[in-house]
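Below: the structure, in structure tokens.
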Amino acid sequence: MATFEGRFTEAASLQIGVVVARFNDLVTAKLLSGCLDCLSRHGIDTGEASSQLDVAWVPGSFEIPLVAQRMAASGRYQVVITLGAVIRGDTPHFDVVVAEVSKGVAAVSRGSGVPVIFGVLTTDTMQQALERAGIKSNLGWSYGMQALEMGSLMKALP
Ligand code: INI
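Counting from 241, one number per residue, gives the positions in the sequence shown under the numbering used here.
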């Protein structure tokens with residue numbers, strides 16, 4: 241029997257692409273900074289001149305799957321992280337955007353074979369989103385951990 245697990249100590253061998261939505265950037269910029277903090281403290285070079293990490297900004301979460309697909313298909317990245325914040329407010333647009341981004345990210349991941357981390361917050365209020373982006377904890381950090389784990393696991397699997 242073989243058991244496969246991702247490690248958090250293989251950052252040196254990972255190239256990571258991040259797609260982040262500008263919509264609700266009060267939230268998404270905080271998710272990005274939590275995510276980069278996690279990656280940096282695990283050994284990923286997150287500096288301006290880094291050749292290990294690229295960040296692509298898109299207008300909103302609806303556009304995330306297209307750019308994640310381009311990154312995954314490039315062959316350059318072992319893992320792609322998506323970051324967004326869809327806040328219900330009073331608009332039915334919420335359901336459309338959430339359905340498209342969630343299904344789209346899953347389809348990109350399965351279709352490309354590259355793990356794509358789903359870091360899109362879906363909340364009823366801005367307050368709830370901010371709580372998940374740093375006021376209470378920063379889920380951006382968790383998405384960074386999940387990226388390291390999946391990048392490592394996919395390398396380990398036959
Ligand atoms: N995009 C988001 O990332 N979050 C939202 O809450 C949101 N709402 O509520 O409308 C949102 N809309 C924009 C959408 O993602 C696209 O950028 C836009 O429709 C253009 O295609």
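Glycine included, C-beta positions come from ideal geometry on N, C-alpha and C.
So what's residue i in DSSP terms, helix, strand or just coil?
i      : result
Thr268 : helix
Phe248 : coil
Gly380 : helix
Ala289 : coil
Ala325 : strand
Leu388 : helix
Ala313 : helix
Asp364 : coil
Gly257 : strand
Phe302 : helix
Val354 : coil
Gly359 : strand
Under 7 Å from any heavy atom of the ligand INI, does the C-beta of residue i make it?
i      : result
Ser342 : no
Thr286 : no
Ile321 : no
Phe334 : yes
Val354 : no
Gly300 : yes
Gly359 : no
Gly380 : no
Glu371 : no
Taking the CB atoms as reference points, tell me whether residue i and residue j lie closer together than 8 Å.
i      : j      : result
Met311 : Val259 : yes
Ala369 : Ala325 : yes
Leu393 : Phe244 : yes
Leu323 : Gly359 : yes
Val336 : Pro305 : no
Ile327 : Met390 : no
Ala373 : Leu293 : no
Val307 : Val298 : yes
Gly300 : Phe334 : no
Ser273 : Gly380 : yes
Mind checking residue i: buried by the 16 CB within 10 Å criterion, or exposed?
i      : result
Arg387 : The residue asked about is misnamed: residue 387 is Ala in this sequence, not Arg. So Ala387 counts as buried.
Thr362 : buried
Arg350 : exposed
Thr268 : buried
Ile407 : This structure does not reach residue 407, given that the chain is present from 241 up to 398, and the question cannot be answered.
Gly257 : buried
Worksheet item: Between the stretch 334-344 and the stretch 272-287, do at least 3 Cβ pairs fall closer than 8 Å?
Response: No, they do not touch.
Practice prompt. Spell out a yes or no on whether the stretch 249-256 and the stretch 346-361 are touching, meaning 3 or more CB-CB pairs, one atom from each, closer than 8 Å.
Written response: no
Worksheet entry | Sufficient close CB pairs (3 or more, under 8 Å) joining the stretch 263-278 to the stretch 310-317 | Segments in contact, no.
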